[in-house]
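Here's the structure we're looking at; comments come further down.
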Amino acid sequence: MKKMLWPVMAIGLSLLLSACGDGLRPEKVYDNAVKATEEVDTVMMQRNQTLRAQDESFSTSMVGHIRYEPLEALTTMRISLINLSEPVQMNMYLNEDKWLVRPEQYGADWEERDRSSFDDVVFEQPTVLLEEFMPYREQFLMKEIEIVYNEDATNQIEDVAGEATEEEGEADKEKNLVTYEAYEVSFRGSDEQYKPLIRQHIEQMGLADLPGVNLDEVMETVQIERIDMTARIEKETFYVHRFHTRFRYLVEILGEYRVIDESLLLRFKDHNEPIDFEALRAEAE
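Each residue of the sequence shown is one higher than the last, beginning at 1 in our numbering.
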């Protein structure tokens, strides 16, 4: 009878584990999230990006509304550079034919930019960043979480997370909070097999387009310290609510070694909700 013990225990454990979740593997959840993102027509998006390279640093924050088909977007952007005493803040309007920017100050006018030079993939191909990690789907980890939003924060996406103090907990009771059941899919890599991700990252930053840069030669010098990705995906719809990546690596470019350290955080909310761009533009005036 002893020989029957392990098979019975294995079956029982299998049933117990299947009862604790819905049985979806991380790669399947991620696949569904990519498909759901392809079908999103409108969304509110917030982006925070920080890039450090040796003694240079650059950070941007942006929040706004996007409709993908036909393309139309209105955002507010804040840019900080190491050599700027104060951040630059501006509004941006974008559609299929126009790219307009306006300093966020009283009486400022909209200025038209060259639409053909606009190449921010988040606005026109929202799945591109997610698809970069698809070849490594079998290495994903996953856990179940809750996403909590403060609905009173109208001009930003405020997600409430982590352990709250007693005072913070009492303050949260006064907020209009909305909770979603979600998956958190994550990935971490740090060795040579992930160089294709670094190559794509260098291309996205425009470093491969610098005069005199040979990308193949540059890739021979890359030493990866870390690549992280975390995606928070709503269970019911598979909408991506939060997508965070971190790249840190050493690379030689134009004869100089640099440590590239970039963090990108995207938050998404109000998927497929109608957007009144005329009202938003009037509000921004």
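Beta carbons: idealized from backbone N, C-alpha and C, even for Gly.
Keep in mind it's a predicted model, so treat the numbers as computed, not measured.
On the DSSP letters alone, give me the boundaries of the alpha helix (DSSP H) that residue i sits inside.
| i | result |
| --- | --- |
| R25 | Note, R25: premise wrong, no alpha helix (DSSP H); not H, not E. |
| Q200 | 195-204 |
Classify residue i as helix, strand or coil using the three-state DSSP reduction.
| i | result |
| --- | --- |
| L215 | helix |
| Q139 | helix |
| L254 | coil |
| A108 | coil |
| T127 | coil |
| L207 | helix |
| E163 | For E163, the predicted model reports a pLDDT of 41, less than 50, meaning its position is unreliable; a value from the coordinates is still stated below. Residue state, collapsed to three classes: coil. |
| G12 | Confidence at G12 is low in this model, with a pLDDT of 46, below 50, so the placement of that residue should be treated as unreliable; the coordinate-derived value is given next. Helix. |
| E181 | strand |
| V121 | helix |
| R113 | coil |
| E38 | helix |
| E170 | Confidence at E170 is low in this model, with a pLDDT of 49, below 50, so the placement of that residue should be treated as unreliable; the coordinate-derived value is given next. Three-state result, E170: helix. |
| A33 | helix |
| S18 | The pLDDT assigned to S18 is 39, lower than 50, so where the model puts this residue is not dependable; a value taken from the coordinates is nonetheless given after this. Helix, per DSSP. |
Are residue i and residue j closer than 8 Å when you measure CB to CB?
| i | j | result |
| --- | --- | --- |
| E146 | V178 | no |
| V29 | I227 | no |
| V185 | F247 | no |
| L51 | H65 | no |
| F268 | N32 | no |
| F243 | L130 | yes |
| F118 | L100 | no |
| Q223 | L254 | no |
| T42 | V240 | no |
| V63 | Q46 | yes |
| L197 | E132 | yes |
| M219 | R188 | no |
| A53 | V259 | yes |
| K98 | E111 | no |
| N91 | E72 | no |
| M77 | T60 | yes |
| Y183 | E236 | no |
| E252 | T230 | no |
| E217 | S190 | no |
| P126 | V40 | yes |
| L266 | V88 | no |
| E138 | E27 | yes |
| R115 | D109 | no |
Could you pull the DSSP bridge partners for residue i from this structure?
| i | result |
| --- | --- |
| F187 | M229 |
| E132 | Bridge partners of E132: none, in fact. |
| T50 | S59, S263 |
| N150 | L177 |
| E192 | In DSSP, E192 forms no bridge with anything. |
Measuring only between beta-carbons, confirm whether residue i sits less than 8 Å from chain C.
| i | result |
| --- | --- |
| A208 | Given the protein chain composition of this structure (a single chain), no chain C is represented. |
At 3 residues or longer, and completely inside the region 53-101: list those beta strand (DSSP E) runs for me, N to C. With a minimum length of 3 residues, the continuous beta strand (DSSP E) runs that stay inside the region 53-101 are 56-68, 71-81, 88-95.
Kindly provide the ranges of any alpha helix (DSSP H) runs that are 4 or more residues long and lie completely inside the region 220-285, ordered along the chain. Fully enclosed alpha helix (DSSP H) runs of 4 or longer: 277-284.
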